[in-house]
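Worksheet: the structure to be examined is printed underneath.
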Amino acid sequence: MNVTTIKKARDEAKRFLDLLPDALTHESSDNRIWPSPARSALRRASMDLTRALADLRRPS
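Numbered according to the working numbering, the sequence shown spans residues 1 to 60.
Below, the structure written as structure tokens:
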């Protein structure tokens, strides 16, 4: 773990949280989220965040 990986994880988390409200606007009355560009962007941000967090756990 180093400063670069910490900052990368922080940036990916911020990106995920920034995209979250747009994705939730496509929610239906029965709590499903319909496919949309916002949902796809959120999914991609989630994968990038997962990768950044995995990099944090790797020994330097």
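Yeah, the Cβ is synthetic: ideal placement off N, Cα and C, and Gly gets one too.
Proximal residues to residue i (C-beta, below 6 Å), its chain only, five neighbours per side dropped
| i | result |
| --- | --- |
| Glu27 | Ile33 |
| Arg15 | Ala45 |
Cβ shell of residue i (< 7 Å), same chain only, five flanking positions each side left out
| i | result |
| --- | --- |
| Ala13 | Leu49 |
| Ser60 | Met1, Asn2 |
| Ser36 | His26 |
CB contact flag (residue i, residue j, <9 Å)
| i | j | result |
| --- | --- | --- |
| Ala23 | Ala41 | yes |
Buried or exposed (CB count within 10 angstroms, at least 16 for buried), residue i
| i | result |
| --- | --- |
| Ala66 | Given that the chain is displayed from residue 1 to residue 60, the structure contains no residue 66 and the question cannot be resolved. |
Residues near residue i in its chain [Cβ-Cβ closer than 8 Å; skip 5 each side]
| i | result |
| --- | --- |
| Leu19 | Ala38, Ala41, Leu42, Ala45 |
| Ala9 | Leu49, Ala52, Leu53, Asp55, Leu56 |
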